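Just add 16 to the spot in the sequence shown (first one is 1) and you have the numbering used here.
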Amino acid sequence: MDVDARSRRYDALNLVSQPVWIFDFDHRRIHWANRAALDVWCDTSLERLCMRDLGSDMSDAVATRLDQFRQDFITHDAIFVEQWTIYPAGRPVPLTVRISGHRLDDGRMAMLCEASGSVVQEPESLRSVEALLHTAVMITLYGSDGRPLYRNPAARAAARTPDERFEDRMVDPVEHDALLDELASAGTATRTLLIHTPDGERWHEISARRCRDAVTGQDAVLVSEADVSAIKNAESRARFLALRDPLTCLANRSQVMRSFSESVEGIQDAGLQAALMFIDLDHFKDVNDTLGHAAGDALLVEVAYRLRQLVRENDLVARLGGDEFLILLVARDVRAEVDRTRQSILQAIAEPFDVHGHEVRITPSIGVSLYPRDGTDVHTLLRNADLAMYTAKELGRNDLAYYDTHMSDAVRSRIALETDLRRALERGEIEVAYQPIVDVGSGRIVGAEALARWRHPERGMIPPSVFIPIAENIGLIRAIGSFVFRSAARQQVAWLRSGSTLRVSVNLSVRQLKLGELLPDLTGALEDAGGDPRFMQVEITESMLLGNDDAMLDLLHAVEALGLTIVLDDFGTGYSNLGYLQRFPIRELKIDRSFVQSLDTNRAVAEMIVSMCRLMRLSVVAEGVETAEQLDWVKAHAIERCQGYLFSEPLAANAFTSLLSTQPFLVEA
Ligand code: C2E
Ligand code: MG
Ligand code: MG
């Protein structure tokens, strides 16, 4: 339809004194305008006005607003009254416009605009109208019945329908009521709430304030909203992460602490009981030590997966740290549920794990505490389940123990010992004793083995066979081991200065055998003491060589390169594999005291070992020589040196020094 035809169609509207025009959404042009509107648009020809492209410098906000209008006209027959500023000749013309939908002859929806003439307005209010139009903040004025009286474009975009009520936008009606209560009492309210929007549920920070509708004077509520979903999601993700173990994605200890009381609330009234199953993997550290931490992590992930599979959906499965897992069960007959779960855990963990191509087998030890019998708060229950777990370990691992109040004092005292050991070094409770090593031919003291001692303030002397394994387990062995080596190196220098050249031997634990830790510890100690490495020895045992791997070979070569001698300790108790002696840089061998003490039965093997050492030019020390007969055997086989109670027990350094000055074992020439 050309402009003339349109003029005929809308001619009657030329009689209206108000400016009226029809806007074509699709072409972003004026479709038709009456005479009064031509004045407003500063044009004299309708034809020319209809040619103007109003879309060319239209802002995004205006374009969005127009789309909203079209939508609302199509679906809702809506009518709006708005303050507009148009720029017909580059200058602003403020108008109050009533806008409604109008179908063109071709069926498309257009917009009928009726301006109430140019009103003289304050610049402030003009600007504020513009700001309202363009801001991303959603602003809505609701009447006291909750219906919207006005929405700015941003608010309109966030509402599902133009007349959507405040209440209907809330996902949680309870929150709406609470907001209204606060509004009623305080006049304003600010909350972050979940809101229905055309894009689904979003988090809006809502500020509401009571006011009056400027048109009717009735009570109204002015609501401004900002979408804070991004912040809110980041927050909840952070919260989620804080309560999760990042490795396995199971709940972590904090989550257990938080959700425990919730989980057990009211269960007694419902006739239910709860149980904490504390699961620890046996010898997990060995996996870490032999295959590396990445392999250890992969194993933990797989264990977590298997545990999750075998419980019911609502049971809490958590990783408390390290190789410790926890399952919280709630059931009518919780013991039956624990027994069922125990069976599934043992089965699931018994299946070999494929860890980076290695087949790994592992077993669990499980301790159980029952709620409320063994405690009502999570700390007590965890501690008791942990105690029960220790008992399960002491009973031979790979099984479960229930906590009971008489649970072995040994377990408690072991735990107490762990705590004490952590402070033992700094409190100076760790000491070093020295056992003389005697040259069999001359009877002269030629060396000393440094042996760690723990002088416990209440329990007295605790032997290394007790505390060294604990230190290994709780990660203290490096500190203790390097303390012993440091003391021994210093002592060696002290004896040297007073005229005795002794070779001092220090025991190493398997957990000290890490290149990056051992070498700096040894060199640091030697430098500090000003010691000569040629007079220092380190003792390792066969089991440490079991893996037969290159890393161990490199490490021992590095130790040897420092000038230290490597001694193979306790030979004869383990695998007695002479192959190690060839492959690794071992210069000396100690025949274990159990061997020396059972010569009656083991003589042939002992003699074979000695002759092998001869062949390989290894020097030999006999340990644990307690009797004259044993010494005779040592002599008969030309074993160079020995140590044992026949000569002396391990002694404090000053007692050892006195012994040196008397040299009581010297053989008369
Ligand atoms: P080991 O290295 O084989 O030390 C020899 C052990 O035999 C010492 O026990 C010593 O007191 C004992 N012994 C010496 N002569 C005789 C004897 O004639 N008869 C008997 N029955 N025993 C004798 P101790 O001091 O209790 O040490 C036990 C083990 O603890 C040591 O065995 C060693 O493996 C470990 N150990 C001691 N100190 C340290 C240390 O500083 N670091 C590490 N990693 N392990 C240590
Ligand atoms: Mg030793
Ligand atoms: Mg030994």
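Yeah, the Cβ is synthetic: ideal placement off N, Cα and C, and Gly gets one too.
Please read all numbers here as calculations on a predicted model, not as lab measurements.
query, result
"Backbone secondary structure at Val327 - three-state DSSP", "coil"
"Alpha-carbon to alpha-carbon, Leu362 and Ala404", "17 Å"
"Asn523, enclosing beta strand (DSSP E) - first and last residue", "519 to 523"
"Buried versus exposed call for Asp537 [16 or more other C-beta atoms within 10 Å across all chains shown]", "buried"
"Residue from His150, Pro164, Arg45, Asp179 with nearest C-alpha to His92", "Asp179"
"Touching by the beta-carbon criterion (3+ pairs, under 8 Å), the region 606 to 623 and the region 580 to 588", "yes"
"Span of the alpha helix (DSSP H) around Leu54", "51 to 56"
"Which of helix, strand or coil DSSP assigns to Pro35", "coil"
"Length-filtered (4 minimum) alpha helix (DSSP H) runs lying within the region 127 to 211", "139 to 150, 169 to 174, 182 to 185, 189 to 202"
"Stretch pair the region 339 to 350 + the region 316 to 327: three plus CB contacts closer than 8 Å", "yes"
"Pair within 8 Å by beta-carbon distance, Asp298 and Pro368", "no"
"CA-to-CA distance, Arg502 to Val575, given in whole angstroms", "15 Å"
"Buried/exposed call for Asp666, threshold 16 Cβ in 10 Å", "In the sequence under discussion, the amino acid at residue 666 is Pro, which differs from the Asp named in the question. Buried: at least 16 other Cβ atoms inside 10 Å."
"Three-state class that DSSP yields for Arg471 in the structure shown", "strand"
"Distance between Thr156 and Arg225 (C-alpha atoms, nearest Å)", "11 Å"
"Exposure of Thr407, with buried meaning 16 or more beta-carbon neighbours within 10 Å", "buried"
"Which of helix, strand or coil DSSP assigns to Phe276", "helix"
"Range covered by the alpha helix (DSSP H) that runs through Glu558", "That residue, Glu558, is in no alpha helix (DSSP H); it is neither H nor E in DSSP."
"Proximity test, Asn670 beta-carbon vs ligand 4 heavy atom, cut-off 7 Å", "No copy of ligand 4 appears in this structure; the ligands present are ligand 1, ligand 2 and ligand 3."
"Cβ contact (3+ pairs, closer than 8 Å) linking the region 90 to 109 and the region 172 to 188", "yes"
"Closer than 5 Å: residues whose CB approaches a heavy atom of ligand 2", "Asn523, Glu555, Asp585"
"CA nearest to the CA of Gln609, picked from Asp616, Gly579, Gly595, Glu642", "According to the sequence as given, residue 609 is Arg; it is not Gln. With distances taken between Cα atoms, Arg609 lies closest to Glu642."
"Same chain, Cβ closer than 7 Å to Ala105, five either side skipped, listed in chain order", "Cys58"
"Beta-carbon proximity check, Ser627 vs Glu656, cutoff 8 Å", "no"
"Option in Arg633, Ala52, Ser23, Cys66 with minimal Cα separation from Phe39", "Cys66"
"Cβ-heavy atom distance, Pro452 to ligand 1, below 7 Å", "no"
"Residue of Ala668, Ala291, Thr208, Asp69 minimising C-alpha distance to Arg469", "Ala668"
"Residues near Val19 by beta carbon distance below 8 Å, same chain, minus five either side", "Trp48, Leu62, Glu63, Cys66"
"Closer than 7 Å: Gly497 CB and nearest ligand 1 heavy atom", "yes"
"Nearest-angstrom Cβ-Cβ length linking Ser240 and Met186, presumed shorter than 8 Å", "Incorrect: roughly 16 Å between the Cβ atoms, too far for contact."
"Length of the line joining the Cα atoms of Leu259 and Arg599", "50 Å"
"DSSP three-state assignment for Pro110, whether helix, strand or coil", "strand"
"Buried versus exposed, by CB contacts within 10 Å (16 or more), Gln553", "buried"
"Sequence-distant residues of the same chain with beta carbon closer than 7 Å to Asp400, five excluded per side", "It is Asn, not Asp, that sits at residue 400 in the sequence shown. Excluding residues within five positions, the ones whose Cβ falls inside 7 Å are Ser385, Asp390, Gly391, Tyr419."
"Of the listed residues Ile95, Phe551, Leu111, nearest to Leu128 (C-alpha basis)", "Ile95"
"Contact between the region 116 to 130 and the region 203 to 217 (3+ Cβ pairs under 8 Å)", "no"
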